[in-house]
Amino acid sequence: MSKIISVKEAVAMIPDGASIMVGGFMGCGNPHRIIDELSKSGKGNFKLICNDGAQPGGPMGEEHYGVAKLIHNRQVKHLVATHVGLNPEVGQQMNEGTLKVDLIPQGSFAEMIRAGGSGLGGVLTPTGVGTIIEELKDYVHSVQEIDGKKFLLMKPLRADFALISGYRVDKLGNVWYKGSTSNFGLMMATAANVVIVEADNIVEVGEIEPENVRTPGIFVDYIVDGGA
Amino acid sequence: MSKIISVKEAVAMIPDGASIMVGGFMGCGNPHRIIDELSKSGKGNFKLICNDGAQPGGPMGEEHYGVAKLIHNRQVKHLVATHVGLNPEVGQQMNEGTLKVDLIPQGSFAEMIRAGGSGLGGVLTPTGVGTIIEELKDYVHSVQEIDGKKFLLMKPLRADFALISGYRVDKLGNVWYKGSTSNFGLMMATAANVVIVEADNIVEVGEIEPENVRTPGIFVDYIVDGGA
Amino acid sequence: MDREYIKNFIIARAAKEIRDGDIVNLGIGMPTMLPKFLPENVKVTVQAENGLLGVIPCTKETYDPIYKVDAGATPVTVAPGGCFFDSCTSFGMIRGGHIDVTILGALEVDEQGNLSNWIIPGKKLPGMGGAMDLVVGAKKVIVTMEHTQKGQPKILKKCRLPLTALNCVNLIITEMCVIEVTDKGLKLIEINPEFTAEQVQEATEATLIISDELKPMA
Amino acid sequence: MDREYIKNFIIARAAKEIRDGDIVNLGIGMPTMLPKFLPENVKVTVQAENGLLGVIPCTKETYDPIYKVDAGATPVTVAPGGCFFDSCTSFGMIRGGHIDVTILGALEVDEQGNLSNWIIPGKKLPGMGGAMDLVVGAKKVIVTMEHTQKGQPKILKKCRLPLTALNCVNLIITEMCVIEVTDKGLKLIEINPEFTAEQVQEATEATLIISDELKPMA
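Protein chains in written order, with our numbering: chain A, 1465 to 1692; chain B, 1465 to 1692; chain C, 39 to 256; chain D, 39 to 256.
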């Protein structure tokens, strides 16, 4: 059975209120076609787990770039991120009380997603010790002292959906990422119930050298042709 | 300053009693030239951190394959591994009381090395819960219950040296691994004070596509020409 | 039944547990024989915990023993669409629940689905390798083994050897029967027509619950 | 001094902390200007926490803003021998102590080397991004900033804003001076000859220990 579906089919799977991980860093690596379609869907109340709120103004003259579209359309009610400074609409909607934002240190955020996808009970990191991060009870299980050094035990993160972007994706779902686009998508593909990859280029099985596959196809449920 | 050194220079760096991580799985991915030279060095009392004791009998007719040479020569006083069944000399030396062997579940072993190299305080894994692994006080910090589920908190692993093998290594130390050889070496390269890579092929900088580098050169201190 | 026949019989039955598209990890020995017992319309992806997906036997042309071996150190290769990766990635996959089925041997299994398969204290210390992670992480754990060891039961009330993991086995397949591990205990769901339920119980230390829908094993 | 001059002055001084071969992570803004102040015989590898090593500015030919940006979302590329990787790998590198120096701005720094640079409650919530990991993980943490903010000291006895990390700063470089964070407190080690030590102390809330070997900043 082919994993390739249309962008409309992909968006049709995502219900109102879903928790959605989106790969990318300030828009770079966001699955732009899926986000476009989702932004037109009228759906909302999403919990968005994404490094950032992207930014207004994309490199190709986009008015809102990547996930910034979802925020601009007020489809997001809860954003879990590490940095939102480049998208002023995030702060504005927070102040209005319409958007809940939780900020987690970026390295912890990445590792919490990895833990969620790899069956680990949490992440013991020195990052955030002695800061207000310790008070984020939804994300921090405990402060632990190990051999005289303090660590935060951060909880694993998972989501209903992961939407990621790959430069070359073969028909089995094996993914090769170009440039700095793999960032969080690589781990998100392991940590969601349904994983949809937007392929800039769909290639034949075997075109990606077995050693150069970065996300094995077994993690990918559906492929959307992002180049079409 | 070039990172390329001779195999003799590499072995000269390793003192008696050193803790040494060696990449590889049953010999596949062991840095064979370095191990050969080390086996002739007369040095010993090593703490060897390696998935296994490799095996007598290599695919090219070797009498002792990979790290099995060090064990056969009785240069190892302490082996930290996950499986030693394919090398009967390990059991024999254990029974004689000349070799200490600690066995750790393979997934925990890999992740403990990753924790050692990435500044994490430990690894919270469900693996080993309710088994005699819980009693390995040198490796298990505690048994913890998180949201009703039990986990072992395994300690990070590090070593004085990591000896790994790469198929293509550029002159800056960027590594590309062939086939199933990356196994533990990939993480060991992050978790030792001195990292020496044996290169099956030394290539020019730029020959490995930036997206396909698996161990960035910043982790590699020295390169030994394994093809020479 | 000679031992070769027994092995084939057990693995042929185990093959029926596999669904098209499954990702499977096959323990060293008997389980590695599984792919040849699968019908043509059931395709599996074989994972090897040393860092391969899509493992297939190698041919003379793809034989590459220095660079490509499976978790039993057997030279193999990967099918088109397969891939290679490191051990952390591999066990992330295993522990994270991305393997549908793992099939492996046992020294002992008990009523709670506890498994012992890695050590006989004072006698044999091969090590657990990836087994502890596999049985904790895989969605379904199938034990394939001969029903007894030199006439002694291996399916016990309580494992006596050190455990590999607690409460991890889902299904036990032997030359005598198929047993499901349930909350209430071990349920005999299929029986080799060459044996009676009494004979199976006699060869088993644990008390078997005989299914109302007991079927012939085939 | 105008602000552009000040920035250049501070970063030119920071560049002297860099040794040939260092792996550096440069915060958004002023620190990214550092490479052009390095002498020819000092080569650095710039890491960007979104997954690049060997970051260099892009040219018209290598401009590829969809696929290649740095941690400030600026289109960049990597030098020959550079590479790309995912965020877990990147922060493993950072947290694991594989970055020699990180240089970043601050809202406040205090006597214990505590740093605040990510939030002004009720006013500004950009988020910490990778800063909390960077200052905990890098071997050396250098803060580059203007000495005061609208005339108010930023180098305090105790940070008042929420912290980025405890006891993490090693060196503070401003347009007035260079301050080393020591066990005993903040040590003034270099001073811009345009200022006196008294003027520096006046612009600083924390008590400065004046080094016996106080040097002119240059």
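Beta carbons are placed, not taken as given, at the ideal position from N, Cα and C, and that holds for glycine. These numbers come from a predicted model, not from an experiment.
Exercise for the section: Consider the Cβ of C/Glu87: report whether some Cβ of chain B lies at a distance smaller than 8 Å. Expected result: yes
What residues in the region 1530-1551 of chain B bring their beta carbon closer than 8 Å to a beta carbon of chain C? Ala1545, Thr1546, His1547, Val1548, Gly1549 and Leu1550
The region 128-160 of chain D: which residues have C-beta closer than 7 Å to a C-beta of chain A, in chain order? Phe129, Ile132 and Arg133
So, at 7 Å on beta carbons, what are the nonlocal neighbours of A/Lys1642 in its own chain, with the 5 sequence-adjacent residues on each side left out? Tyr1631
query: Just how far apart, CA to CA, sit C/Thr83 and C/Met131?
result: 13 Å
Please compile the residues from chain A whose C-beta is within a distance smaller than 9 Å of the C-beta of B/Asn1647.
-> None at all; the shortest Cβ gap to chain A is about 13 Å.
Item checked: 8 Å contact criterion, which A/Ala1653 and A/Ala1626 should meet: CB distance rounded -> 6 Å
Chain B partners of C/Lys106, CB-CB under 9 Å? Cys1492, Lys1642, Gly1643, Ser1644 and Thr1645
Taking the C-alpha atoms as reference points, what is the distance between C/Glu149 and C/Thr242? 11 Å
Requested in this report: For the region 181-201 of chain C and the region 82-101 of chain C, state whether three or more C-beta atom pairs, one from each stretch, are separated by less than 8 Å.
Outcome: no
### Query
Based on the DSSP secondary-structure assignment, which residues constitute the bridge partners of C/Cys197?
Note: C/Cys197 sits in no beta bridge, so no partner.
Using a Cβ-Cβ cutoff of less than 7 Å, which residues in the same chain neighbour C/Gly110 once the five nearest sequence positions on both sides are dropped? Ile66 and Thr70
Just mark D/Glu99 as buried or exposed, buried being the case when its beta carbon has 16 or more other beta carbons within 10 Å. exposed
* In the DSSP assignment, find the beta strand (DSSP E) that holds A/Pro1569 and state where it starts and stops. => No beta strand (DSSP E) contains A/Pro1569, which DSSP labels as neither H nor E.
- Item | For C/Pro69, the three-state DSSP class (helix, strand or coil) | helix
**Q.** Selection from B/Gln1570, B/Val1659 and B/Leu1600 that minimises the alpha carbon distance to C/Glu87
**A.** B/Gln1570
Check: For B/Gly1612, which residues in chain A fall below 7 Å Cβ to Cβ?
Finding: None at all; the shortest Cβ gap to chain A is about 11 Å.
Can you round the beta-carbon distance between B/Leu1650 and B/Arg1678 to whole angstroms, since I take them to be within the 8 Å contact cut? 6 Å
Using DSSP with H/G/I as helix, E/B as strand and the rest coil, what is C/Glu228? strand
Answer yes or no: does any C-beta atom of chain B fall closer than 8 Å to that of C/Thr70? no
Item to check | Where the beta strand (DSSP E) through D/Thr127 begins and ends | outcome: Taken as a continuous stretch (DSSP letters only), D/Thr127 belongs to no beta strand (DSSP E), being part of the alpha helix (DSSP H) at Ser125 to Arg133.
*If you run the structure through DSSP and keep just helix, strand and coil, what is B/His1496?*
helix
Q. Which residues share a DSSP beta bridge with B/Phe1615?
A. B/Gln1608
Q) How is the beta strand (DSSP E) around A/Leu1627 delimited, first residue to last? A) Ala1623 to Asp1634
Name the chain A residues whose beta carbon is nearer than 8 Å to that of B/Pro1590? Gly1583 and Gly1585
For this session: State the CB to CB distance for the pair B/Met1558 and B/Val1565, rounded to an integer number of angstroms; the pair is presumed to be in contact (CB under 8 Å).
Result: 5 Å
query = Is A/Gly1649 helix, strand or coil when you go by DSSP?
reply = helix
Quiz item: Where does C/His136 fall in DSSP's three states?
Solution: coil
In three-state DSSP terms, what is B/Tyr1603?
coil
* Asked: To the nearest angstrom, how far is it from the Cα of C/Pro77 to the Cα of C/Ile56?
  -> 10 Å
Listing by chain order, which chain C residues have their CB less than 8 Å from the CB of A/Leu1636?
Gly119
*So, using beta-carbon positions, are B/Val1633 and B/Ile1682 closer together than 8 Å?*
no
- Query: Between A/Val1486 and A/Gly1517, is the Cβ-Cβ spacing less than 8 Å?
  - Reply: no
As assigned by DSSP and simplified to three states, the class of A/Pro1674
helix
Exercise for the section: Compile a chain-ordered list of the residues in the region 177-196 of chain D whose CB is closer than 7 Å to at least one CB of chain B. Expected result: none
Worksheet item: Excluding sequence positions up to five away, which residues of its chain have a Cβ less than 7 Å from the Cβ of D/Asn152?
Response: Cys197, Leu201, Leu204 and Asn205
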